[in-house]
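Residue numbers (the working numbering): 1 to 179. These notes concern the structure reproduced below.
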Amino acid sequence: LRTRFLISMLVITAGLTTTSFLLVQRSVQTHVRQSIAINLRDSVSAFQDFRHERETMLTNDVALMAALPITRSIMSNSDPLTIQDASRDVWRIASFDLFVLVNESGKVVALHTNTPGFTREAAQKYFEQSLEEDRGESSHWWLGEHHLYQTFIQPVYRGTRTEGTLLGFLVVGYEINGR
């Protein structure tokens with residue numbers, strides 16, 4: 001009789017202990033999942049805010065670069081070789097990974113990159129696509145010779161944007177790599 005009583009007490013204790021562990025485990029799992037979901041949502045929101053701020057800053061940089069007198073002066077010239085040569089120093093000072101000047105008719109007249117392989121033909125193709133597919137986004141993605149660039153396009157005017165003459169476009173890009 002005592003043995004039966006002891007065995008039944010052990011079985012009841014083991015059952016209650018197992019049930020308690022399972023309930024605690026489920027509660028901890030639920031809490032951890034909720035915590036991960038909240039942290040993930042916060043991280044995505046922070047990344048989107050950072051990306052938006054970065055794109056706003058880069059868009060402003062390109063607008064400033066397009067409004068510089070040296071850029072306007074370079075784009076006033078109609079000779080592509082002169083534009084290519086004159087824009088080299090501006091590209092080096094500005095330190096963009098990709099620097100493209102396009103004339104008012106939409107032809108690429110200057111191209112500078114930090115990494116070789118991205119061609120004028122690729123720049124021409126992506127520039128035309130960017131203008132055709134412009135959905136109000138501040139940046140576009142260009143891929144050439146295994147190099148991915150986030151690019152920003154800005155018109156270059158002689159005079160003001162509303163009253164001036166379109167000289168062409170400035171395209172700058174930042175290579176997306178393992179940095």
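Cβ atoms here follow ideal geometry from the backbone N, Cα and C, with glycine treated the same way.
So, using beta-carbon positions, are residue i and residue j closer together than 8 Å?
i           : j           : result
residue 75  : residue 171 : no
residue 119 : residue 175 : no
residue 186 : residue 94  : The requested residue 186 does not occur in the structure, where the chain is confined to residues 1 to 179.
residue 62  : residue 152 : yes
residue 165 : residue 159 : yes
Have a look at the options and flag the residue whose alpha-carbon is nearest the alpha-carbon of residue i.
i           : options         : result
residue 51  : 99, 177, 150    : 150
residue 53  : 4, 92, 139      : 139
residue 98  : 122, 7, 80      : 122
residue 142 : 24, 27, 36, 117 : 117
residue 60  : 15, 154, 167    : 154
residue 137 : 89, 81, 161, 55 : 55
residue 146 : 4, 177, 77      : 177
residue 88  : 37, 125, 113    : 113
residue 167 : 132, 78, 42, 96 : 78
Counting C-beta neighbours from all protein chains within 10 Å, is the total for residue i 16 or more, i.e. buried, or is it exposed?
i           : result
residue 21  : exposed
residue 148 : exposed
residue 169 : buried
residue 111 : buried
residue 24  : exposed
residue 130 : buried
residue 58  : buried
residue 28  : exposed
residue 96  : buried
residue 11  : exposed
residue 90  : buried
Got a sec: is the Cβ-Cβ distance from residue i to anything in chain B below 8 Å?
i          : result
residue 57 : This model lacks chain B altogether; it includes just one protein chain.
Assuming residue i and residue j make a contact with CB atoms under 8 Å, what is their CB distance in whole Å?
i           : j          : result
residue 100 : residue 83 : About 11 Å; that fails the 8 Å criterion.
With a cut-off of 8 Å, do at least 3 Cβ pairs link the region 57-73 to the region 102-119?
no
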